[in-house]
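Note sheet for the following structure.
Protein chains in written order, with full-length UniProt numbering: chain A, 1 to 223; chain B, 1 to 799.
What follows is the structure in structure tokens.
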């Protein structure tokens with residue numbers, strides 16, 4: 001078991017009313033799965049993803065990740081945990097504008113405090129694997145959307161995480177670019193055994209996954 | 001990692017050039033001011049450091065009480081020296097008598113120069129830690145010897161070896177050069193002692209000194225001591241405090257107290273008020289330390305404000321970094337190293353600014369400060385200073401930026417809250433409070449200087465020159481020279497005086513007069529003059545008459561000033577006498593023949609002292625005072641006067657001073673403070689405005705969409721300008737109301753030191769406030785109007 005959510009609740013108080021963002025979410029996930037989370041806008045997809053990714057907190061419930069109780073951990077431990085095991089891919093890529101492709105890829109390794117030669121080898125390897133060696137000295141603004149997202153995926157993968165969280169990774173891409181990214185995910189999942197959770201609006205993209213979870217108003221309505 | 005931080009920081013600087021220039025430039029200016037002030041303070045605090053045994057050296061001071069007023073000064077009587085030597089030998093390592101530092105002519109062959117120097121006892125070379133370059137260390141053993149400073153020896157002898165050569169002093173007596181010492185560095189006592197002549201020579205030369213050898217009442221000398229290693233200044237002072245009082249019953253009524261003023265205090269804490277030590281220049285050290293600190297704070301505030309204002313641009317970066325594994329601490333560290341880089345960069349620029357402006361500053365502040373390249377401590381302190389500034393300026397942005405929550409900033413729902421601008425506003429208020437307070441302070445200093453400058457001096461100081469006459473040759477030639485000068489056409493009147501017009505060198509007591517209250521201890525400013533003194537100065541006679549050559553009895557006549565008339569309590573002083581109170585061997589009584597208007601001879605900030613002008617019977621004069629011919633130019637007149645002077649005194653260098661310039665010197669200290677604080681104020685305002693300018697541009701950028709919408713809905717340029725300016729103007733108005741009471745309190749305190757002072761008027765404060773608001777509007781308007789003029793179609797499309 002990679003992770004397990006038990007009775008997760010998350011809410012905000014607004015004008016004396018409690019609005020639930022997540023309501024009684026239960027979810028277990030094994031290593032090697034490829035899950036797609038679907039649902040209309042505001043149904044809590046991204047919130048759930050962020051909770052799983054430990055970027056966001058929840059108000060009630062339990063969250064176990066690799067036998068650690070995330071809800072009981074201090075921020076430092078939590079950050080160590082996701083630094084080690086989780087990689088993010090964002091809809092709008094979120095590359096650091098001031099850094100080159102190479103430097104963007106190197107960033108997570110720096111936060112993991114890896115040594116220079118090790119970093120160099122790992123970045124070189126990743127550039128090679130994604131076929132972007134020629135782009136390594138360019139800045140994000142000099143790349144197309146598809147290329148940027150490629151870098152985004154590469155960055156998420158470089159620290160060898162167990163889990164990739166992708167929040168509408170193809171939302172800003174045209175259909176051809178989107179398809180390439182989805183194929184890449186599929187390949188990573190099948191060949192390298194990377195566990196993936198993606199949030200998506202598109203049935204077609206959701207079909208790449210092995211399991212689909214549907215949310216509505218913060219509740220899980222289908223699995 | 002750190003390399004990565006710097007890389008990002010550097011790219012950030014390059015990408016936002018305008019912002020970087022404002023940030024680095026403002027910070028550099030602030031640091032430059034702080035650096036210069038730091039160097040100045042260091043210079044002040046290390047005054048006298050040349051003397052290795054600084055902590056054991058002291059000057060003997062004396063307090064005496066006249067009519068309940070205690071005066072304190074370094075002048076002591078001659079018998080004090082043997083009294084200390086004989087009675088308290090254990091307390092002292094060295095005891096050294098010295099004359100006052102006085103200018104003398106030194107002549108060798110054709111070169112004749114005038115230099116300041118002292119008569120001192122033979123211990124001087126050791127006492128003053130002199131570095132002997134040529135000749136013997138103990139150069140004062142022979143009574144007819146002289147030691148010269150290196151610069152003086154060079155001026156006199158050029159390439160010749162000065163040792164053993166004979167020079168003529170004051171065109172009177174010959175002395176042999178025994179040694180040459182290295183000039184004492186500028187920021188030390190005795191730095192202007194260019195020659196030293198044995199004390200015994202001084203005593204032998206002047207009868208009045210020999211007469212003073214057992215006179216406890218003639219306080220005309222200086223005494224320096226180095227205390228024994230095993231004692232303290234307090235111990236010595238406690239032992240010797242009553243030595244004069246116990247020695248002579250005649251002086252007992254003045255309660256003379258003898259004490260030591262440590263060398264440490266000579267420069268910074270040498271003011272006394274009613275017998276108590278009350279500081280001195282140290283207050284300027286504090287003043288400038290405060291100014292420097294505030295200017296640095298202003299610059300740091302800019303940095304903080306601009307960094308946090310830009311936060312939205314950095315928010316995304318923070319979110320990304322957190323999502324790929326950065327901890328808050330690492331982000332704090334990143335932003336701090338970024339601020340360190342900026343500060344370091346600013347420091348380099350600041351050092352450049354300091355290097356470029358140091359000469360001008362030295363001139364303004366009358367200093368000889370050089371940049372301490374080789375001082376390791378300086379660099380250590382500078383590094384500390386850079387780190388401190390980086391922390392001060394960078395900590396708030398670092399903590400603020402690093403606390404962003406990644407989910408919010410990445411989702412784009414990040415909103416700077418309603419109060420997120422509050423700290424920024426408080427900082428702007430702080431900045432302008434300081435600026436407005438500086439403006440008011442500078443205004444008042446300038447006003448006070450002008451106030452004192454416009455005070456009537458009581459005589460006509462323009463077109464008046466004085467020529468020093470410190471040599472024996474001038475005796476007996478006064479009438480001759482007066483005739484010669486007048487005949488030459490350059491001068492319309494001439495008189496001599498025993499002290500320069502702008503000083504009082506002598507004070508006397510020991511008189512009786514009709515109606516003198518019992519036990520009254522008088523103290524009169526004493527100037528000996530020739531007959532035409534009042535005429536030469538255009539000093540108005542308000543009662544009685546001037547000296548006249550027609551009355552031989554005028555040689556025992558005296559003019560008193562108006563203050564003296566009140567002081568002596570005389571309704572009708574003319575015709576009354578000032579008698580010598582010495583009953584055994586009295587000087588002849590002096591008859592008051594007239595009353596002259598008060599003239600300012602001492603501080604223009606203080607009331608005129610009661611004074612008498614006595615006919616100079618014994619050629620005790622030290623100056624010729626010449627009223628120039630107004631129909632010729634000053635340079636023509638001077639040329640003629642020099643020619644006449646050289647005809648009669650070919651061996652004496654011709655020196656002269658314009659009295660109005662000498663008088664102007666009285667304002668030098670205040671003017672220096674005034675112009676320095678003026679410059680610092682201008683810089684403080686500039687720095688604050690730079691910050692405001694940067695801030696406005698960010699606000700305008702932030703509100704681009706709002707401005708666009710408003711314009712589409714029909715807002716005019718004026719409406720938009722008004723909207724943007726109002727916010728800042730409000731802050732500045734708040735600052736004004738905080739600054740005014742503070743400035744009033746501080747400046748009122750400063751003014752209390754001056755008995756003759758300007759009255760603080762409300763409009764000074766109003767003017768400063770208006771000025772600050774005007775500057776704010778100008779700064780803000782530039783950006784506001786630019787934002788307001790933008791085409792709304794364009795600004796709305798940025799969404």
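Don't be surprised by glycine CBs; every beta carbon is placed ideally from N, CA and C.
Every value quoted in this text rests on a predicted model; they were computed, and no experiment measured them.
When DSSP labels each residue in this structure, what does residue i get in the three-state scheme?
i: residue 92 of chain A; result: coil
i: residue 217 of chain A; result: coil
i: residue 207 of chain A; result: coil
i: residue 799 of chain B; result: Confidence at residue 799 of chain B is low in this model, with a pLDDT of 40, below 50, so the placement of that residue is unreliable and no value is reported for it.
i: residue 125 of chain B; result: helix
i: residue 406 of chain B; result: helix
i: residue 570 of chain B; result: coil
i: residue 117 of chain A; result: helix
i: residue 624 of chain B; result: strand
i: residue 500 of chain B; result: coil
i: residue 143 of chain B; result: coil
i: residue 397 of chain B; result: helix
i: residue 257 of chain B; result: strand
i: residue 542 of chain B; result: strand
i: residue 470 of chain B; result: coil
i: residue 226 of chain B; result: strand
i: residue 133 of chain A; result: helix
i: residue 21 of chain B; result: helix
Cβ of residue i within 9 Å of Cβ of residue j?
i: residue 593 of chain B; j: residue 558 of chain B; result: yes
i: residue 464 of chain B; j: residue 658 of chain B; result: yes
i: residue 531 of chain B; j: residue 615 of chain B; result: yes
i: residue 612 of chain B; j: residue 578 of chain B; result: yes
i: residue 563 of chain B; j: residue 630 of chain B; result: no
i: residue 485 of chain B; j: residue 67 of chain B; result: no
i: residue 437 of chain B; j: residue 502 of chain B; result: no
i: residue 155 of chain A; j: residue 104 of chain A; result: yes
Suppose the cutoff is 8 Å on Cβ atoms and the five residues either side in sequence are ignored; what does the same chain contact list for residue i look like?
i: residue 729 of chain B; result: 773, 776, 777 and 780
i: residue 53 of chain B; result: 129 and 226
i: residue 799 of chain B; result: Low confidence applies to residue 799 of chain B: its pLDDT is 40, below 50, so where it sits in the model is not reliable, and the reading given next is rough at best. Excluding positions up to five away in sequence, the list reads 705.
i: residue 55 of chain B; result: 262, 263 and 264
i: residue 511 of chain B; result: 522, 524, 578, 579, 580 and 581
i: residue 245 of chain B; result: 251, 252, 255, 256 and 257
i: residue 548 of chain B; result: 531 and 554
Can you tell me where the alpha helix (DSSP H) with residue i in it begins and where it stops?
i: residue 718 of chain B; result: 717-751
i: residue 702 of chain B; result: 668-702
i: residue 206 of chain B; result: That residue, residue 206 of chain B, is in no alpha helix (DSSP H); it is neither H nor E in DSSP.
i: residue 451 of chain B; result: 422-453
i: residue 265 of chain B; result: 263-266
i: residue 13 of chain A; result: Premise fails: residue 13 of chain A lies in the beta strand (DSSP E), 3-14, not in any alpha helix (DSSP H).
i: residue 88 of chain B; result: Per DSSP, residue 88 of chain B belongs to no alpha helix (DSSP H) and is neither H nor E.
i: residue 608 of chain B; result: Looking at the DSSP string, residue 608 of chain B is not in any alpha helix (DSSP H), and its letter there is neither H nor E.
i: residue 108 of chain A; result: 101-111
i: residue 176 of chain A; result: 175-191
Which residues mark the beginning and the end of the beta strand (DSSP E) in which residue i is found?
i: residue 178 of chain B; result: 173-181
i: residue 526 of chain B; result: 524-529
i: residue 558 of chain B; result: 557-561
i: residue 118 of chain B; result: 111-120
i: residue 19 of chain A; result: 17-29
i: residue 62 of chain A; result: 60-65
Go through its chain and collect everything with a Cβ distance to residue i's Cβ below 6 Å, but skip five positions before and after it.
i: residue 645 of chain B; result: 654
i: residue 166 of chain A; result: 89 and 198
i: residue 59 of chain B; result: 74, 224 and 261
i: residue 692 of chain B; result: 779
Tell me which residues share the same chain as residue i and place their Cβ nearer than 7 Å to its Cβ, disregarding the 5 neighbours each side in the sequence.
i: residue 203 of chain B; result: 209 and 210
Residues of the stretch 63-84 of chain A with Cβ closer than 9 Å to any Cβ of chain D, in chain order
Here the protein chains are A and B, and chain D is not one of them.
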